[in-house]
Amino acid sequence: MGIRVFLVDDDELVRSSFRVYFQTTEDISVVGEATNGADCLAQIEEAKPDLVLADIHMPQMDGISLLKHLNSAPNPPTFLAVTAFDSDDTMLKILRAGGAGYILKNQRPRSIIEAVRAAVEGGTVVAPSAMHRLVDYIGEPTTPRDPVAAAIEGHELHDAEIAVLKLLLAGNSNSEIAAATGFSESAVKKHVSRLITTFGATTRLNLVTKILGGTGF
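Quick note: the sequence shown uses the numbering used here, first residue 246, plus one each step.
Next comes the structure, spelled out in structure tokens:
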């Protein structure tokens with residue numbers, strides 16, 4: 246099955262560019278468009294997207310407010326934010342609100358396409374230039390011990406879960422974890438879901454921030 250994407254941006258040129266990018270693929274289709282969050286919410290039930298690709302700054306309802314509304318409903322679509330400016334403030338707002346991550350409007354088309362695929366698979370998606378800043382921001386754990394080792398030690402995890410967790414913390418998608426471990430993607434998804442529950446997280450990225458920040462145990 247293909248990936249159904251809903252575009253939300255008040256700039257027609259941006260939406261048009263994304264449409265063109267996705268038309269070059271065989272697995273991604275645009276099933277709806279809106280100029281703001283409120284317009285998106287009015288259409289979302291009928292469109293049934295797998296992923297909402299939304300600008301952060303929009304009139305009437307911005308991207309963060311839209312994300313919070315979507316996540317208040319059962320089985321919300323994956324949310325991937327779009328921004329023109331790569332800032333720590335934007336990154337942290339998205340992660341704290343439960344988004345799958347964000348991309349920059351000036352990223353290469355192939356990078357944007359791969360980000361959409363990775364987000365739907367459950368991968369960690371932030372602009373390439375921001376990954377090291379995310380680790381830097383949360384890399385001052387509240388404990389002097391290695392936060393990953395401490396998290397593993399503090400929970401009864403099977404060897405398979407530990408392997409998946411380490412790869413997840415490195416930013417790998419489900420398919421990449423499956424390739425590295427030899428597990429099926431469905432098995433990886435089950436392990437990730439259990440890890441999120443075990444550590445009291447809400448999303449993959451929330452799990453990453455909890456553990457690398459030293460608060461996940």
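We treat Cβ as the ideally placed atom computed from N, Cα and C, and that holds for glycine.
(1) Which value, in whole angstroms, describes the spacing of the CA atoms of Leu252 and Lys350?
(2) How about Ala345 and Leu450: are their beta carbons less than 8 angstroms apart?
(3) Alpha carbons only, please: which of Leu340, Asn320, Glu398, Glu430 is nearest the one belonging to Thr443?
(4) Here's a check: name, in chain order, each residue in its chain whose Cβ is nearer than 7 angstroms to the Cβ of Met306, leaving out the five neighbours to either side.
(5) For Thr335, does the three-state DSSP call read helix, strand or coil?
(6) What's the C-alpha gap between Lys293 and Arg249?
(7) How would you write the range of the alpha helix (DSSP H) that Asp410 sits in, first residue to last?
(8) Under 8 angstroms between the Cβ atoms of Val326 and Gly343?
In short, the structure shows the following:
(1) 13 angstroms
(2) yes
(3) Glu398
(4) Asn281, Gly282, Ala283
(5) Here Thr335 sits in helix by DSSP.
(6) 8 angstroms
(7) With the sequence shown as reference, residue 410 is identified as Leu, and Asp is not the correct amino acid for it. Residues 404-414.
(8) Here residue 326 is Ala; the residue named in the question, Val, does not match the sequence. No; because the gap between Cβ atoms is not below 8 angstroms, this pair is not in contact.
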